[in-house]
Amino acid sequence: MKKNSCVRGKINFGTDGWRAEIADTFTFENLGRLAIRLADYVGKNSQVCVGYDNRFLSAEYASFFAAVLEQNGVRVDLSDSAVPTPCVSHRVTRQGYDLGACISASHNPASYNGLKLKENYGGSARCELVAELTEGLSDTSYDGPRWSLKYHGKTSDWGQDYLAELEKYLPEGNLRVGVDYFHGTGSPFFGELLKRKGYIETALRAERDPLFGGINPEPRPQYLGELMGLLKSGRADIGFAFDGDADRIALVDENGRFLSMQVILAVLAWDMLDSGKEGRIIKTVAGTCLVDRMAEKYKAELEIVPIGFKNICPEMLKGDVLVAGEESGGIGFGDFLPERDALYTALRILEMMKRRSMLFGEIWDEVSCEFGGSYYLREDFPCAGSFSREEFLQKVSENIKVHSLPYKVEEVSYLDGGRIDMEGGRWLLIRPSGTEPLLRLYAEGEDKSAAEKLIRSGRELFNEQ
Numbered sequence: 002m003k004k005n006s007c008v009r010g011k012i013n014f015g016t017d018g019w020r021a022e023i024a025d026t027f028t029f030e031n032l033g034r035l036a037i038r039l040a041d042y043v044g045k046n047s048q049v050c051v052g053y054d055n056r057f058l059s060a061e062y063a064s065f066f067a068a069v070l071e072q073n074g075v076r077v078d079l080s081d082s083a084v085p086t087p088c089v090s091h092r093v094t095r096q097g098y099d100l101g102a103c104i105s106a107s108h109n110p111a112s113y114n115g116l117k118l119k120e121n122y123g124g125s126a127r128c129e130l131v132a133e134l135t136e137g138l139s140d141t142s143y144d145g146p147r148w149s150l151k152y153h154g155k156t157s158d159w160g161q162d163y164l165a166e167l168e169k170y171l172p173e174g175n176l177r178v179g180v181d182y183f184h185g186t187g188s189p190f191f192g193e194l195l196k197r198k199g200y201i202e203t204a205l206r207a208e209r210d211p212l213f214g215g216i217n218p219e220p221r222p223q224y225l226g227e228l229m230g231l232l233k234s235g236r237a238d239i240g241f242a243f244d245g246d247a248d249r250i251a252l253v254d255e256n257g258r259f260l261s262m263q264v265i266l267a268v269l270a271w272d273m274l275d276s277g278k279e280g281r282i283i284k285t286v287a288g289t290c291l292v293d294r295m296a297e298k299y300k301a302e303l304e305i306v307p308i309g310f311k312n313i314c315p316e317m318l319k320g321d322v323l324v325a326g327e328e329s330g331g332i333g334f335g336d337f338l339p340e341r342d343a344l345y346t347a348l349r350i351l352e353m354m355k356r357r358s359m360l361f362g363e364i365w366d367e368v369s370c371e372f373g374g375s376y377y378l379r380e381d382f383p384c385a386g387s388f389s390r391e392e393f394l395q396k397v398s399e400n401i402k403v404h405s406l407p408y409k410v411e412e413v414s415y416l417d418g419g420r421i422d423m424e425g426g427r428w429l430l431i432r433p434s435g436t437e438p439l440l441r442l443y444a445e446g447e448d449k450s451a452a453e454k455l456i457r458s459g460r461e462l463f464n465e466q
């Protein structure tokens, strides 16, 4: 292979794969280079499955990627339709493939596309694989056809196997379920599951729209007005929202309340521990303190890892995990895959509600009475310049000393950014984005007022009003 001197844009892998703007850095040429490197990594006659989401050109990119892999000696199983990213994880594990790939930019803006890699155990690619894959990219070129190159080999309907697996975990029921699909790949899969088991679905934004209605396909509260209205009007018993590739979830309860990922993780952990199940709980450094209290009461082991499900996955592979969650809406279960899956999470929630004969809001009210309330906020703001990790941590440490915080500080830790734990289980996390000139603030308090106060204090630490 010859040195490529005219590739536009650098390929950077983030917390879960490579994402970039279409026709800027995410190009057929760069995707071809990655396919060549991936073929070198897995070796000839290896088996790789390739899926894709609903984004602009995703099907074409997937066909091209599969064709380049095949040209380089890899046996490919290409999905015949758009699928959730967790379906790729399911496919690679159940079929015994060497690797899985999904053309998806998850919850990024519509102008983006991306590539997620799943190893043979179903989880996101390890840092070692990514390092080896990207190490030789500067010396790898793709000089073949772009648009005209199509894959003409094996394609498969992956959906039926995936649905058959998920269906095992959902009991029959008659609840009314509102679902906001954000024009993503959760539709039609989740609706089919509900239909098979007798649930009544009201689907929102279920059709494909590569522009995602002009918003990011991310289930954040500011985008969930219609779903919350559905619940407030009494036309549904629970509401779910899935991101663009259906690996992250949000929830609206029977009263129309948006309940954060922190609440979902806490309720699921409580349900398992309260039911007598034993095992470890995994959360990220931006995870709720409620699970700490639960772990203490039930004498369960709690593991805390840096942000990103790729940091959760290695802990799940060790076994003995009940539930694992990240603050952005990804939840994994030890009895399924070492990966987040929004559809499976929703099924587990419906199963819990059926078993306990309670609606989700009722369960949360009971849990919060015992372990305390939770109101979670996340905010990004631009920062001038960039920091090395050491410079950033030093700046956090220095600023804490000269700025007054709204509550008494109990502990400061630096596992990933700077987390300031304060009295009453309140906390603030400040960390720089790994890919953008942004600082990210994460905060949890007992109510909205406390969380907003924490966010304001975080901005003041860096002199941002």
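Throughout, my numbering is defined as the position within the sequence shown, counted from one, plus 1.
Using N, Cα and C, we set each Cβ at its ideal position, and we do this for glycine too.
If you're wondering where the values come from, they're calculated on a predicted model, not measured in any experiment.
So for Q96, helix, strand or coil by DSSP? Here residue 96 corresponds to residue number 95 of the sequence shown, with the count starting at 1. DSSP places Q96 in coil when its eight states are reduced to three.
Simplified DSSP assignment, three categories, for A237: Position 236 of the sequence shown holds residue 237. Coil.
How big is the Cα-Cα spacing for D78 and V49? The residue you call residue 78 lines up with position 77 of the sequence shown. The residue you call residue 49 lines up with position 48 of the sequence shown. Computed Cα separation, rounded: 6 Å.
Which residue or residues does DSSP assign as beta-bridge partners of I201? Here residue 201 is taken as the residue at index 200 of the sequence shown, counted from 1. Paired residue(s): R177.
Answer yes if the segment 319-330 comes into contact with the segment 252-263, meaning at least three C-beta pairs across the two stretches below 8 Å, and no otherwise. Judged by Cβ distances under 8 Å, the segment 252-263 makes contact with the segment 319-330, as three or more pairs qualify.
Counting only the same chain and skipping the five closest in sequence on each side, list residues whose C-beta sits under 6 Å from that of V69. Residue mapping note: residue 69 aligns to position 68 of the sequence shown, counting from 1. Same-chain partners within the cutoff: G33 and A36.
Beta-carbon spacing of L429, A444 below 7 Å: Residue numbering aside, residue 429 sits at position 428 when the sequence shown is read from its first letter. Residue numbering aside, residue 444 sits at position 443 when the sequence shown is read from its first letter. With respect to A444, L429 sits close: the two C-beta atoms are nearer than 7 Å.
Assuming G419 contacts L394 under a Cβ cut-off of 8 Å, what Cβ separation, rounded to an integer in Å, is found between them? Your numbering for residue 419 matches position 418 in the sequence shown. Your numbering for residue 394 matches position 393 in the sequence shown. Indeed, because the Cβ distance is near 6 Å, the residues count as touching under 8 Å.
Just to confirm, are R177 and I216 a CB contact at a threshold of 7 Å? By 1-based counting over the sequence shown, the position of residue 177 is 176. By 1-based counting over the sequence shown, the position of residue 216 is 215. Their beta carbons are not under 7 Å apart, which means R177 does not touch I216 by this criterion.
Report yes if the C-beta distance between L231 and G179 is below 7 Å; otherwise report no. Here the question's residue 231 lines up with position 230 in the sequence shown. Here the question's residue 179 lines up with position 178 in the sequence shown. For L231 and G179, yes; Cβs fall inside 7 Å.
Taking three-plus beta-carbon pairs below 8 Å as touching, is the segment 356-365 in contact with the segment 244-261? yes
Of all the beta strand (DSSP E) runs that stay within the bounds of the segment 101-137, which reach a length of 3 or more residues? 113-120
Counting along the chain, where does the beta strand (DSSP E) carrying S414 start and finish? Position 413 of the sequence shown, counted from the start, is the residue given in the question as residue 414. V410 to S414 is the span of the beta strand (DSSP E), which, as asked, contains S414.
For G101 and H91, the rounded distance between their alpha carbons: Locating residue 91 in the sequence shown gives position 90, counting from the first residue. Locating residue 101 in the sequence shown gives position 100, counting from the first residue. H91 and G101: Cα-Cα distance of roughly 9 Å.
Using three-state DSSP, classify Y182 as helix, strand or coil. As a position in the sequence shown, residue 182 is number 181, starting the count at 1. In the three-state reduction of the DSSP assignment, Y182 falls in the coil class, being assigned neither a helical nor a strand state.
Compute the beta-carbon to beta-carbon distance between A247 and T16, rounded to the nearest angstrom, for a pair I have assumed lies under 8 Å. Sequence index remark: in the sequence shown, residue 247 carries index 246 (1-based). Sequence index remark: in the sequence shown, residue 16 carries index 15 (1-based). Going by Cβ atoms, the distance from A247 to T16 rounds to 18 Å, so no, they are not a contact pair.
Terminal residues of the continuous alpha helix (DSSP H) containing C314? Start at 1 with the first residue of the sequence shown, and residue 314 comes out as number 313. F310 to L318 is the extent of the alpha helix (DSSP H) around C314.
Test item: CB-CB of G1 and Y376 under 7 Å: As shown, the chain starts at 2 and ends at 466. That puts residue 1 outside it, with no answer to give.
How would you label W148, buried or exposed, when you count the other beta carbons within 10 angstroms and need 16 or more for buried? As a first step, residue 148 is located in the sequence shown; it is residue number 147 there, counting from the start. Exposed.
Host alpha helix (DSSP H) of G362 (start-end): Within the sequence shown, residue 362 is the residue found at index 361, counting from 1. Where G362 is concerned, the enclosing alpha helix (DSSP H) stretches over F361 to F372.
Quick one: what's got a C-beta closer than 7 Å to E168's C-beta in the same chain, skipping five residues either side? Here residue 168 is taken as the residue at index 167 of the sequence shown, counted from 1. Only L194 and R197 meet the Cβ criterion.
Return yes when the Cβ of D321 is within less than 7 Å of the Cβ of R281, no when it is not. Here residue 281 corresponds to residue number 280 of the sequence shown, with the count starting at 1. Here residue 321 corresponds to residue number 320 of the sequence shown, with the count starting at 1. Yes, they are a contact pair.
Residues near L269 in its chain [Cβ-Cβ closer than 6 Å; skip 5 each side]: Walking along the sequence shown from the start, residue 269 turns up at place 268. Once the five neighbours on either side are set aside, the close Cβ partners of L269 are V324.
Using C-beta distances below 8 Å, list every residue in its chain close to I12, excluding the 5 sequence neighbours before and after it, in chain order. On the sequence shown, position 11 is the one that residue 12 refers to. Here the set comprises W19, A21, T26, N31, R34, L35, T135 and L138.
The alpha helix (DSSP H) that contains E391, what's its start and end? Against the sequence shown, residue 391 aligns to sequence position 390. Counting along the chain, the unbroken alpha helix (DSSP H) around E391 starts and ends at R390 to V403.
Quickly, what does DSSP pair A68 with across the bridge? List them, please. As a first step, residue 68 must be located in the sequence shown, where it is residue number 67. None, per the DSSP bridge assignment.
Neighbour-count burial assignment, L225, 16 or more Cβ in a 10 Å radius: The sequence position of residue 225 within the sequence shown is 224, counting from 1. It is buried - the Cβ of L225 has at least 16 other Cβ atoms within 10 Å.
Considering only the alpha carbon of each residue, which of P146, E279, D293 and N109 lies closest to A267? Looking up residue 267 in the sequence shown gives position 266. Residue D293 is the option with its Cα nearest to A267.
May I ask which residues mark the beginning and end of the alpha helix (DSSP H) holding I456? Reading the sequence shown from its first residue, position 455 is the one you call residue 456. Run containing I456: K449 to L462, per the alpha helix (DSSP H) assignment.
With which residues is E22 paired in a DSSP beta bridge? One-based indexing of the sequence shown puts residue 22 at position 21. Y113, per the DSSP bridge assignment.
At the level of alpha carbons, what is the spacing between A287 and I313? Position 286 of the sequence shown, counted from the start, is the residue given in the question as residue 287. Position 312 of the sequence shown, counted from the start, is the residue given in the question as residue 313. One C-alpha to the other measures close to 13 Å.
Would you mind listing the alpha helix (DSSP H) stretches within the segment 254-299 that are 4+ residues and don't spill past its ends, in chain order? 262-275 and 291-299
Taking just the CA atoms, how far does K409 sit from Q96? Residue 96 sits at position 95 when you count from the first residue of the sequence shown. Residue 409 sits at position 408 when you count from the first residue of the sequence shown. Each residue's alpha carbon lies about 53 Å from the other.
Does DSSP put Y152 in a helix, in a strand, or in coil? In the sequence shown, residue 152 corresponds to position 151, counting from 1. In the structure shown, Y152 sits in coil (DSSP, three-state: anything other than H, G, I, E or B).
Using CA atoms only, rank isn't needed, just tell me which of K402, E302, M273 and Y98 is closest to K1. In the structure as shown, the chain starts at 2 and stops at 466, and residue 1 therefore has no counterpart that could be examined.
Quick check on the burial criterion: 16 or more other C-beta atoms within 10 angstroms. Buried or exposed for K45? By 1-based counting over the sequence shown, the position of residue 45 is 44. Label assigned to K45: exposed.
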